[in-house]
Amino acid sequence: MSTTTNTTRAKVIMPMMPNREDLEATWRYLELGVSKIMGNLQDGMDMGTYMGVYTAVHNFCTSQKAVSNASHGAIGGAHRGAHLLGEDLYQNLIGYLNNYLKDLVGASKTHADEALLTFYIREWDRYTTAAKYINHLFRYLNRHWVKREMDEGKKNIYDVYTLHLVQWRLTLFSEVHTKVMDAVLKMVEKQRNGETIEHGQIKSIVDSFVSLGLDEADPTKSTLGVYRYHFEQPFIDATRKFYQAESKQFVAENSIVEYMKKAAIRLDEEEERVKMYLHPDIVMQLRKCCNQALIADHSALLRDEFQILLDNDRYDDMARMYRLLARITDGLDPLRAKFEAHVRKAGLAAVSKVADDADKLEPKIYIDALLEIHTQYQELVKTAFLDEPEFTRSLDNACREFVNRNQVCKSGSNKSPELLAKYADAVLKKGTNGAEENDLENTLKQIMTVFKYIEDKDVFQKFYSRMLARRLIHTTSSSDDSETSMISKLKEQCGYEYTNKLQRMFQDMQISKDLNSSFKEFESKALDGDSRPVDATYSILGTGFWPLNAPNTDFTPPPEISRAYERFQTFYAQKHNGRKLTWLWQFCKGEVKANYCKASKTPFTFQVSTYQMAILMLFNENDKNSYEDIKTSTQLEESVLDPALAIFVKAKVLLMTGNGDKLGPGKTFALNYDFKAKKIRINLNIAVKSEQKAEVEETHKTIEEDRKLLMQSAIVRIMKARKKMKHTQLVSECINQIRTRFVPRIPDIKKCIDILLEREYLERLDDDELGYLA
Amino acid sequence: KFLKTSGWKLDQASDSYFASHGIVPPTEKGKDSLERLFENYRDKGDGKDLVGAEGTMKYLLEDLKVSLENAEMFIPLELCQVPSVGEISKDKFVEGWKSVSADTIAKQRAYIKSKLPLLSTDIAYFKRVYRFVYLVARERDQKALPLDAATTYWQVLFNPPGKTFVTATTDWTALWFEFLQAKWTKTVNKDMWNQTLEFLLKAIEDETLSFWNEDGAWPSVIDDFVTYAKQKKDRSEQMETD
Chain A
4 MSTTTNTTRA KVIMPMMPNR EDLEATWRYL ELGVSKIMGN LQDGMDMGTY MGVYTAVHNF
64 CTSQKAVSNA SHGAIGGAHR GAHLLGEDLY QNLIGYLNNY LKDLVGASKT HADEALLTFY
124 IREWDRYTTA AKYINHLFRY LNRHWVKREM DEGKKNIYDV YTLHLVQWRL TLFSEVHTKV
184 MDAVLKMVEK QRNGETIEHG QIKSIVDSFV SLGLDEADPT KSTLGVYRYH FEQPFIDATR
244 KFYQAESKQF VAENSIVEYM KKAAIRLDEE EERVKMYLHP DIVMQLRKCC NQALIADHSA
304 LLRDEFQILL DNDRYDDMAR MYRLLARITD GLDPLRAKFE AHVRKAGLAA VSKVADDADK
364 LEPKIYIDAL LEIHTQYQEL VKTAFLDEPE FTRSLDNACR EFVNRNQVCK SGSNKSPELL
424 AKYADAVLKK GTNGAEENDL ENTLKQIMTV FKYIEDKDVF QKFYSRMLAR RLIHTTSSSD
484 DSETSMISKL KEQCGYEYTN KLQRMFQDMQ ISKDLNSSFK EFESKALDGD SRPVDATYSI
544 LGTGFWPLNA PNTDFTPPPE ISRAYERFQT FYAQKHNGRK LTWLWQFCKG EVKANYCKAS
604 KTPFTFQVST YQMAILMLFN ENDKNSYEDI KTSTQLEESV LDPALAIFVK AKVLLMTGNG
664 DKLGPGKTFA LNYDFKAKKI RINLNIAVKS EQKAEVEETH KTIEEDRKLL MQSAIVRIMK
724 ARKKMKHTQL VSECINQIRT RFVPRIPDIK KCIDILLERE YLERLDDDEL GYLA
Chain B
29 KFLKTSGWKL DQASDSYFAS HGIVPPTEKG KDSLERLFEN YRDKGDGKDL VGAEGTMKYL
89 LEDLKVSLEN AEMFIPLELC QVPSVGEISK DKFVEGWKSV SADTIAKQRA YIKSKLPLLS
149 TDIAYFKRVY RFVYLVARER DQKALPLDAA TTYWQVLFNP PGKTFVTATT DWTALWFEFL
209 QAKWTKTVNK DMWNQTLEFL LKAIEDETLS FWNEDGAWPS VIDDFVTYAK QKKDRSEQME
269 TD
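Below you can see the structure in the form of structure tokens.
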């Protein structure tokens, strides 16, 4: 404390240097010096006294050595003598300290609470400062006698400074520590109740307690033993009691939300407390204790409240709850379970709200409903749960559940991917929404969000590729960039194989473009005499990549068209020898101008399918054609002919005569010269509802077939690699391989195994094992 | 690849190998008499070293006096490893009978008599015969057995002196036929044929079918059968409690 050690303000007269061999006299001399330091250090100490004491210690130890040597003459006596005599000094010092401290204990009894703390701290400071000086004075003893004793492994011998601490602990600390602690705890409680306290005092007490921790094995090191036992333990106990009582009362009187706020504040306060005046060692313990008393003890109540918070979208409160429960082990698991269940329920509710009639459900409405729930709860995870991975997983699980198994998907889980693909089609189609590039990109991202949760990714692929094919051949795609962007997104999720065909379709279109321009050149040269070439573009589509089938009806194209396409065929055969072209008439379309109409000066333009075109062309020759005539000239099947004609009749392009309203044999059709319409360009190429439905069904059927093949090829692949495998292992491996596409059912896999057994790709070995037959 | 599934054939083949080469003099003599016996049944129309349907019938019915109505007839047929029902090939005939040292009709009859009770008691022997039947029952160019043919053979094999499958509460063979009648329309492939026996053998050990589970290695037809059997059991239990 005092820095005035070397001043010579006041002088206590020191007696004469004692005889170096006289223990009594020497100690009396030393005691005087020691008490001077103990009692009046602030008065300073002159160099003389200091030197005197130091010399006295030195003299005593060295002289006695000589004397004992001389008088006894025993071998090794020097050592032994110094040993014994050093001990006398040492013991005397202990005695002195004992007395001194006993007095202090007596004095402490008159103090209590804060006064006691003040007293303790003051005395501690004085004592430890003095101890440092005394340690210096007795350095000779330390260096020789003490060191030797310790080297010999004697217990309970300490250097003089440590000796001071030991004595303090033995004599004073053991008497007063409970009272001191009580005072400390009282102060802390006051602070917890909102009063201001002088926390420096507590800090000093902590420091004192820490200093008293001496390592028995190695006195130069200190341990936290004393502190832990006498400070930390009571402190934690008191804290626990305090918060148990407080939280119990608070919960009884306030809402859970209020309680959470309170608890959060309390927890912060305790952290702050540690920083302010406690030993950092306590952090873990204290935190644990608070977590237990403030959170874990009430976790059931908190969790019950969670559902209410979820129901009411109380993000802030949920965030608070998350932070609280995150502090205790397994605190969040029940929350996650509740959250997952809640999201699933919300998702199902949202779906059933829009799903009154699953057949007529608009893809957009459905997907929006799914997205809305996802967006809402993703936001919640982000703001309230800090994007914690486990919560994100719960969200994903819930979404996967309600995306794949909801009211719309009752009949099978492939409704969701179908609707999603339709939605994607609507988004990517030209002119449907006139959205900005940016918006479009965002929408695609949203589609991918839903796609991520779709289990039957193969179903999406099927529908998507069909619709992409349609967009490409009818050039109704809104932008190539968006199409490419979508495909690359799918590729990123599902890999090269998944989008391979989609990409090939794109390439085909690109190649076709080039092909068409070189065909134009070819045609202009080859055109001898034919004055009316049909202005046509051709798309060459690789059979394996496009999900399109050859037409299901015979067809004789009108001569105008056949001439044109025959030219193209010659051209193509020149370019690529040996390739076979199949004409997909059902996907072809064209425009015809109707010059005959009386109602309009500018001729109408009809957008028609090739089939329809063939029908109309017949009227170039005759104004009237019978159903039978049309049928024989075009060679169309009734299933195709009837709908095509129906549209003409409905639009009054053709007038039907004959008995009854039904299309069919016996009817005659006449060109309507009085055709009227508001627009110049009229689209008559309208897909019929029943056709669309049939196509959906067909798609589903091909999906089933493809799945069987996929499973079988997976099984063969696995077996080829392993040669031999247990049945159950094979099944689970198969599921693993296919899961990215769809989730196969075990009975389906078994059926595939049966088929492979029958075809002798596999054989059954003993013990549920299967073998691969090359 | 058939060697593995019918590993027993190998054993037999090597048996006869040792029999013919180990103790040459007596078997050589047996060989001659057996060859002579074989020629007795060969018709002019039959191929070389082959006895046709008529000869086979004569051999089985008139000489060996085995019944064609039950599993007994499969004992000599299996021993001689006939290529199909109604055909016997010479080398297999000689080899088979020689392996059991039966070169006269009397000895052969005695052999059949000794084997007859084993059909229902020696499971390994029964299984051997059972699997053999599938191979000969099949039309040569066909992989699977038509259901009605399979049913006929099952009926022969699963009735005395063949092995029967009846437990305290269930006649498994009858239930199996009932199930096929109701639910099965396809042909019977080799796996189904073999696994049917495996399943029935297990079913008579444990008629609660606790050895079965949905994810097990059984072919789907067995899974379907178990479902059928369990439903039926549930129904009848319900009726009892009502």
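Chains as they are written, first to last, in the working numbering: chain A, 4 to 777; chain B, 29 to 270.
The C-beta atom is built at its ideal place from N, Cα and C for all residues, glycine as well.
Just so you know, these numbers come straight off a predicted model, no measurement behind them.
Cβ shell of residue i (< 7 Å), same chain only, five flanking positions each side left out
i	result
A:K2	Residue 2 of chain A cannot be examined here, being either before or after the span of chain A that is shown, 4 to 777.
B:V216	A172, L173, L175 and A178
A:L100	H167 and Q170
A:T783	What the structure shows of chain A is the stretch from 4 to 777, and residue 783 of chain A is not part of that stretch, so it cannot be assessed.
B:S95	M101
A:F122	S111 and H114
A:S207	I124
Cross-chain neighbours of residue i in chain B, by beta carbon under 9 Å
i	result
A:K465	In chain order: nothing, as chain B lies at least about 26 Å away.
A:E1	Here chain A comprises residues numbered 4 to 777, so residue 1 of chain A is not present and cannot be evaluated.
Integer-rounded CB distance, given that residue j should sit under 8 Å from residue i
i	j	result
A:L304	A:I268	Incorrect: roughly 18 Å between the Cβ atoms, too far for contact.
A:A134	A:Y164	5 Å
A:F309	A:K348	Contact doesn't hold; Cβ gap of about 14 Å is too wide.
B:E235	B:A196	7 Å
A:F454	A:L423	6 Å
A:I376	A:V346	7 Å
A:I752	B:E242	About 12 Å separates the two Cβ atoms, so there is no contact after all.
A:V643	A:Y614	6 Å
B:G114	B:A81	4 Å
C-alpha gap between residue i and residue j, whole angstroms
i	j	result
B:V122	A:G547	58 Å
B:I151	B:T201	16 Å
A:E192	A:H202	12 Å
B:Q223	A:Y575	57 Å
A:A717	A:V384	38 Å
B:R159	B:Y153	10 Å
A:L447	A:A427	7 Å
A:P561	A:N625	14 Å
A:D138	A:E152	One detail in the question is off: residue 138 of chain A reads as Asn in this sequence, not Asp. Using only the alpha carbons, I get a separation of about 17 Å.
A:R582	A:L759	34 Å
A:G175	A:L107	It is Leu, not Gly, that sits at residue 175 of chain A in the sequence shown. If I take the Cα positions, the gap works out to 7 Å.
A:T559	A:V652	22 Å
A:N628	A:G663	17 Å
B:F239	A:N400	34 Å
B:L228	A:F745	35 Å
Proximal residues of chain B, C-beta to C-beta of residue i below 8 Å
i	result
A:T731	D243, G244 and A245
A:E707	None at all; the shortest Cβ gap to chain B is about 16 Å.
Contact list for residue i against chain A, beta-carbon separation under 8 Å
i	result
B:S248	P750, K753, K754 and D757
B:D219	D757, L760, E761 and R767
Chain A contact residues for residue i, given Cβ-Cβ distances below 9 Å
i	result
B:D251	P750 and K753
B:K171	E761, R762 and E763
Own chain partners of residue i with C-beta closer than 8 Å, once the 5 adjacent residues on each side are dropped
i	result
A:D771	K729, H730 and T731
B:K32	Low confidence applies to B:K32: its pLDDT is 43, below 50, so where it sits in the model is not reliable enough to give any reading.
A:I685	F607, T608, F609, Q610 and A654
B:P189	N98, A99, E100, L144, P145, L147 and S148
A:E272	R195
A:V213	S225, L227, V229, Y230 and H282
A:V354	Y369, A372, L373, F405, N409, Q410 and V411
Proximal residues to residue i (C-beta, below 6 Å), its chain only, five neighbours per side dropped
i	result
A:I476	S542 and F590
A:M451	K492
B:K191	S148 and F154
Under 7 Å by beta carbon: chain B residues contacting residue i
i	result
A:V734	D243
is_contact[residue i, chain C] using C-beta, thresh 8 Å
i	result
A:D771	This model lacks chain C altogether, as its protein chains are A and B.
Closer than 7 Å: residue i CB and nearest the ligand GDP heavy atom
i	result
A:G350	Summarising the ligand content, the structure contains no ligands, and the ligand GDP is consequently not present.
Practice problem: Mind listing, in chain order, the continuous alpha helix (DSSP H) runs of no fewer than 4 residues lying wholly within the stretch 589–669 of chain A? | Solution: 613–624, 630–637 and 641–654
Exercise. Please specify which runs of the alpha helix (DSSP H), each continuous and at least 4 residues long, are wholly inside the stretch 258–304 of chain A, giving them in chain order.
Key: 259–280 and 286–293
Practice problem: Return the chain-ordered ranges of every alpha helix (DSSP H) run that is complete within the stretch 327–377 of chain A and spans a minimum of 4 residues. | Solution: 336–357
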